[in-house]
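Numbering-wise, the sequence shown is residues 383 to 554 according to the working numbering. Just so it is clear, CB atoms sit at the ideal spot from N, CA and C, and this is done for glycine as well. Predicted, not measured: the structure shown is a model, and the values here were computed from it.
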Amino acid sequence: METFSPILAQSYALAVAELRTCYDERGIVAGRHQYDDYWTRDAGFAWMAALELGDWQVAQRHLEFLSRLQRRDGMIPFLIRRHLSPFAMWDIKIRIPPRPKFRSHKSLFLSEVIDSNPWFAIGLADLVAHTREAFLLQQAQAGGATKTENEADLLGYTPGTKRKTASRTLLG
383 METFSPILAQ SYALAVAELR TCYDERGIVA GRHQYDDYWT RDAGFAWMAA
433 LELGDWQVAQ RHLEFLSRLQ RRDGMIPFLI RRHLSPFAMW DIKIRIPPRP
483 KFRSHKSLFL SEVIDSNPWF AIGLADLVAH TREAFLLQQA QAGGATKTEN
533 EADLLGYTPG TKRKTASRTL LG
């Protein structure tokens, strides 16, 4: 087994601790200072790290949160505000109910931010990959079904029926 130099080990421990300070009841916020909101792109990078650390529950909570805020046309919000934004630069945080945003304010014409949907799909696929064996083991212990049957259940597919989407099957 490889060991890291003391400086890399210290940096790694600090990075893990900082990431975990951004976990909360709904998922992962972009930061605990000025950007204390849910930014889907930032969360996408954070999910990858959280999953590698074994913190799959926080990734699942965030994906479930995004799924509940998904628009009827399928768009995932690129940002979910938790605070009134005009006061963030002064570190004044006025809590508001989660407010999903789908259009960017940084262009002349408010345009839809389209990278949230790929990040959602990547996050869901990574969650399935990291938790698949745990789900299969749990199902096998509960019902004694074969691995093939459990894989079909996990993916929401039963031969001869319409296939459910993975996000709807795993996220309820």
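Residues that DSSP places opposite residue i in a beta bridge
{"i": "leucine 461", "result": "Trp421, Lys483"}
{"i": "isoleucine 410", "result": "Tyr405"}
{"i": "arginine 477", "result": "His465"}
{"i": "glutamate 400", "result": "For glutamate 400, which the question treats as bridged, DSSP gives no partner whatsoever."}
{"i": "glutamate 494", "result": "Arg485"}
Close Cβ partners of residue i (< 7 Å) along its chain, the five nearest in sequence each way excluded
{"i": "serine 393", "result": "none"}
{"i": "aspartate 418", "result": "Val411, Arg464, His465, Lys475"}
{"i": "leucine 396", "result": "none"}
{"i": "valine 354", "result": "Outside the displayed span of the chain (383 to 554) sits residue 354, for which this structure offers no information."}
{"i": "threonine 385", "result": "none"}
Rounded Cβ spacing between residue i and residue j (contact assumed at less than 8 Å)
{"i": "proline 482", "j": "proline 500", "result": "Not quite, the Cβ-Cβ distance comes to about 17 Å (not below 8 Å), so this is no contact."}
{"i": "tryptophan 429", "j": "aspartate 497", "result": "No, tryptophan 429 and aspartate 497 are not in contact; Cβ-Cβ is about 14 Å, not under 8 Å."}
{"i": "glycine 409", "j": "alanine 425", "result": "6 Å"}
Cβ shell of residue i (< 6 Å), same chain only, five flanking positions each side left out
{"i": "alanine 431", "result": "Leu401"}
{"i": "methionine 457", "result": "Phe484"}
{"i": "histidine 444", "result": "Gly409, Ile410, Ala425"}
CB of residue i within 7 Å of CB of residue j, strictly
{"i": "threonine 403", "j": "arginine 414", "result": "yes"}
{"i": "proline 480", "j": "isoleucine 462", "result": "yes"}
{"i": "leucine 451", "j": "phenylalanine 502", "result": "no"}
Beta-carbon contacts of residue i that lie in its chain and below 8 Å, excluding the five residues immediately before and after
{"i": "isoleucine 389", "result": "none"}
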